[in-house]
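Asker:
Protein chains in written order, with the working numbering: chain A, -3 to 278; chain B, 42 to 399.
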């Protein structure tokens, strides 16, 4: 009976893993195909079923003059915009969240919870509602088609996530820890940086991760607020499409674009499973 | 050196956290704040530490206004009921934290910390993470961190209440020895507790608090012997003193038609009328010539047995200093040690005590 359950367990795990990994494998295999092997029926294994070609990958790094689509610059643009916006969002969001968690604010009927909700409400609105105001504002500032304009917009989008996660995190950190730091001779800033922040690293990492994911996958604002000067990766990938869908280069660029997230996920998973991050506070 | 709280009042919403608290604390003495949960003990400690605002009142320390000094410059130490340490630091760094904050020399810090670690019995645990310690050990770290500062005011907020029973008993004596041996002529020690037994064992001055108000303050002996009213008697006795409503006739105390006895000697010149009579659970005995009572519950606690008894509407808790088995609904005969009878008036204020009243 025990063997039966064990078999069942591994069967389910295997099926689920296939379900998750299959699209990646498929994309990987497709990225080495050319026009003929894509249209020549369902084939999966290179060399055995089709002759692999590096064309799909080469297109990504070839300059447009030679008929390629150079994704290297958009790639680094995306990394720069996502990381900068996430970093600023986490820093500002953490400060805001600490204030919202520890101090009582009151302006008429507006209290802490209302302010927290105000932050989150930025994410509740459909992005299309924000697109025209953002377009006009960036136009006014002369930041359309500009990396710093995008960073500003992404901070608006990402900071609510950081605030949301960190308010929840700080609410679980006993206030007595801050108080003890004050009693032990820290002024409020020292208490925050010497005691609260070092104990909030798990929360900071989770908040940063979410910001990076949501910043990295954004297509909509990157599409609306940039034209020719700067481009971000998601927009460039879509631009690959032409009258004949280039499945091979689309697959290659898809893999390239999820790669950083997979790397980040593995690093964080390592830390989390080591217990270095969880359980610092109980 | 003196710490004076003058008319401290704090009422953030409907209920008083502190209600006109005026006290004087002298150096070299131990004060126990005794009261139930939410009675204002923690509020008072936090106010002295500077962590909680007040509506009105003053705190004066060494003849200077304390209220304008921020927490981090007050040189107080506090141990919380929860085991509060810095989870990101190991035991040594936790205890060294307040000293590093003062920019003390590294060699001095090492000396001071090792003395404190020795004192609280955590030798060999210096490099341990806080999460790897038991609750009792975590509280030892917190105590060491507060001792190492040599603060002029040491505040202990129910430091043992979150520990399990056995550990609490063990640590109580040890903590008492540590803090009293450290209590020098220039420090004041305040210990908050809900446990009357703990307060009596600490044997300092007791301040009884309820709903933010001081009900009584005095030596442990004084508060135990002469509780000023029924409420104090409830807070300072465990099990609570039996309070029985009854009346006094020309020469008899009448609790009900069956339970009547003559007025004991220490109750003098009392007028006829209704009163509350107080008698401790330990001041009654099983006696074949006594009054009939039914057993509701019999519980054995350690080496003692508590009997919850009733006769009509008269409910009594009686303590027997031995382990004996009783069945529920059995009948027992009990008698009162009348020399230990307290008499409170209709409002609940103490009229007569078996001990000398001031």
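Think of the CB as a built atom: it goes at the ideal place given N, C-alpha and C, for glycine as much as any other residue.
For residue 227 of chain A, I'd like the list of residues in its chain whose CB is within less than 6 Å of its CB, leaving aside the five on either flank, ordered along the chain.
Answerer: Result list for residue 227 of chain A: 70, in chain order.
Asker: Taking buried to mean at least 16 other C-beta atoms within 10 Å of its own C-beta, is residue 365 of chain B buried or exposed?
Answerer: Under this definition residue 365 of chain B is an exposed residue.
Asker: Cβ closer than 9 Å: which chain B residues qualify as neighbours of residue 237 of chain A?
Answerer: Neighbours of residue 237 of chain A on chain B: none; closest Cβ ~50 Å, over 9 Å.
Asker: What do you get for residue 74 of chain A, buried or exposed, if any count of 16 or more other CB atoms within 10 angstroms of its CB means buried?
Answerer: So residue 74 of chain A counts as buried.
Asker: Of all Cβ atoms in chain A, is any one closer than 8 Å to the Cβ of residue 143 of chain B?
Answerer: Yes, residue 143 of chain B lies at the interface with chain A (some Cβ there is under 8 Å from its Cβ).
Asker: Mind checking if residue 139 of chain B is an interface residue toward chain A, Cβ cutoff 8 Å exclusive?
Answerer: With 8 Å as the cut-off, residue 139 of chain B counts as an interface residue toward chain A.
Asker: Do we get a CB-CB distance below 8 Å when we pair residue 351 of chain B with the residues of chain A?
Answerer: False, the Cβ-Cβ gap to chain A never drops below 8 Å.
Asker: In this structure, how does DSSP classify residue 129 of chain B when only helix, strand and coil are distinguished?
Answerer: Reduced to three states, the DSSP call for residue 129 of chain B is coil.
Asker: Does the stretch 168 to 178 of chain B touch the stretch 191 to 209 of chain B, meaning 3 or more C-beta pairs lie closer than 8 Å?
Answerer: Yes, the stretch 191 to 209 of chain B touches the stretch 168 to 178 of chain B.
Asker: With a CB to CB cut of under 6 Å and the five nearest residues on each side skipped, what residues in its chain are close to residue 349 of chain B?
Answerer: If we look at residue 349 of chain B and ignore the five residues flanking it on each side, its Cβ neighbours are 337, 338 and 358.
Asker: On the three-state DSSP scale, how would you describe residue 146 of chain B?
Answerer: The answer is coil: DSSP assigns residue 146 of chain B none of H, G, I, E or B.
Asker: What's the C-alpha gap between residue 166 of chain A and residue 218 of chain B?
Answerer: In a straight line, the C-alpha of residue 166 of chain A is about 37 Å away from that of residue 218 of chain B.
Asker: What separation, rounded to the nearest whole angstrom, lies between the Cα atoms of residue 68 of chain B and residue 90 of chain B?
Answerer: So the alpha carbons of these two residues sit roughly 16 Å apart.
Asker: Please state if the CB of residue 248 of chain B and the CB of residue 391 of chain B are separated by a distance shorter than 8 Å.
Answerer: No, the Cβ-Cβ distance between residue 391 of chain B and residue 248 of chain B is not below 8 Å.
Asker: Taking residue 331 of chain B as the reference, which of B:310, B:301 and B:360 has the closest Cα?
Answerer: That would be B:301, whose Cα lies nearest to the Cα of residue 331 of chain B.
Asker: When Cβ atoms are compared, which residues of the stretch 190 to 214 of chain A fall closer than 9 Å to chain B?
Answerer: Listed by position along the chain: 190, 191, 194, 195 and 197.
Asker: Quick check: is the beta carbon of residue 123 of chain B nearer than 8 Å to any beta carbon in chain A?
Answerer: With 8 Å as the cut-off, residue 123 of chain B counts as an interface residue toward chain A.
Asker: Going along the chain, which residues of its own chain have a beta-carbon closer than 8 Å to the beta-carbon of residue 168 of chain B, five neighbours each way excluded?
Answerer: Closer than 8 Å at Cβ, skipping near neighbours: 131, 132 and 133.
Asker: Under a three-way DSSP split, which group does residue 44 of chain B fall into?
Answerer: Residue 44 of chain B falls in the strand class under three-state DSSP.
Asker: On the DSSP bridge assignment, give the partners of residue 349 of chain B in chain order.
Answerer: DSSP lists B:338 and B:358 as partners of residue 349 of chain B.
Asker: Check each residue of the stretch 161 to 179 of chain A: if its Cβ is closer than 7 Å to any Cβ of chain B, include it; give the result in chain order.
Answerer: Listed by position, the residues of the stretch 161 to 179 of chain A near chain B (Cβ gap below 7 Å) are 170, 172, 173, 175, 176, 178 and 179.
Asker: Could you pull out every residue in the same chain whose Cβ sits closer than 7 Å to the Cβ of residue 53 of chain A, ignoring the five residues on either side in sequence?
Answerer: If we look at residue 53 of chain A and ignore the five residues flanking it on each side, its Cβ neighbours are 27 and 248.
Asker: Give the residues from the stretch 154 to 178 of chain B that approach chain A closer than 7 Å (Cβ to any Cβ), ordered along the chain.
Answerer: Going along the stretch 154 to 178 of chain B in chain order, one finds 172 with a Cβ nearer than 7 Å to chain A.
Asker: Counting contacts by CB-CB distance shorter than 8 Å, is residue 90 of chain B in contact with chain A?
Answerer: Yes, contact with chain A.
Asker: Locate the alpha helix (DSSP H) running through residue 52 of chain A, then write down its first and last residues.
Answerer: From DSSP, the alpha helix (DSSP H) with residue 52 of chain A extends over 51 to 57.
Asker: Round the Cβ separation of residue 92 of chain B and residue 178 of chain A to the nearest angstrom and send it over; I've been treating them as touching at under 8 Å.
Answerer: Yes, residue 92 of chain B and residue 178 of chain A are in contact; Cβ-Cβ is about 7 Å, under 8 Å.
Asker: Which chain B residues sit within Cβ distance under 8 Å of residue 108 of chain A?
Answerer: Those within 8 Å of residue 108 of chain A in chain B number zero; the least Cβ separation is about 15 Å.
Asker: Buried or exposed: which applies to residue 342 of chain B, given that a residue is buried once 16 or more other Cβ atoms fall within 10 Å of its Cβ?
Answerer: Counting Cβ neighbours within 10 Å, residue 342 of chain B comes out exposed, since fewer than 16 surround it.
Asker: Note down, one range per segment and in chain order, each alpha helix (DSSP H) of at least 4 residues found wholly within the stretch 260 to 308 of chain B.
Answerer: Correct list: 261 to 266 and 271 to 276.
Asker: Terminal residues of the continuous alpha helix (DSSP H) containing residue 376 of chain B?
Answerer: It is not in any alpha helix (DSSP H) - residue 376 of chain B instead sits in the beta strand (DSSP E) that spans 372 to 377.
Asker: Please confirm whether residue 275 of chain A has its beta-carbon closer than 8 Å to some beta-carbon of chain B.
Answerer: Reliability fails at residue 275 of chain A, whose pLDDT of 45 lies under 50, so the model's placement of it is uncertain and no value is given.
Asker: Could you check the C-alpha separation between residue 155 of chain A and residue 103 of chain A for me, to the nearest Å?
Answerer: C-alpha separation (whole angstroms): 22 Å.
Asker: State the DSSP-derived secondary structure class of residue 130 of chain A, mapped to helix, strand or coil.
Answerer: Three-state result, residue 130 of chain A: helix.
Asker: Nearest to residue 362 of chain B by CA position, among B:382, B:267, B:329 and B:340, is which residue?
Answerer: Ranking B:382, B:267, B:329 and B:340 by Cα distance to residue 362 of chain B puts B:340 first.
Asker: So, for residue 230 of chain A: in the same chain, excluding its five sequence neighbours on each side, which residues have a beta-carbon less than 8 Å away from its beta-carbon?
Answerer: Here the set comprises 74, 213, 214, 215, 218, 219 and 253.
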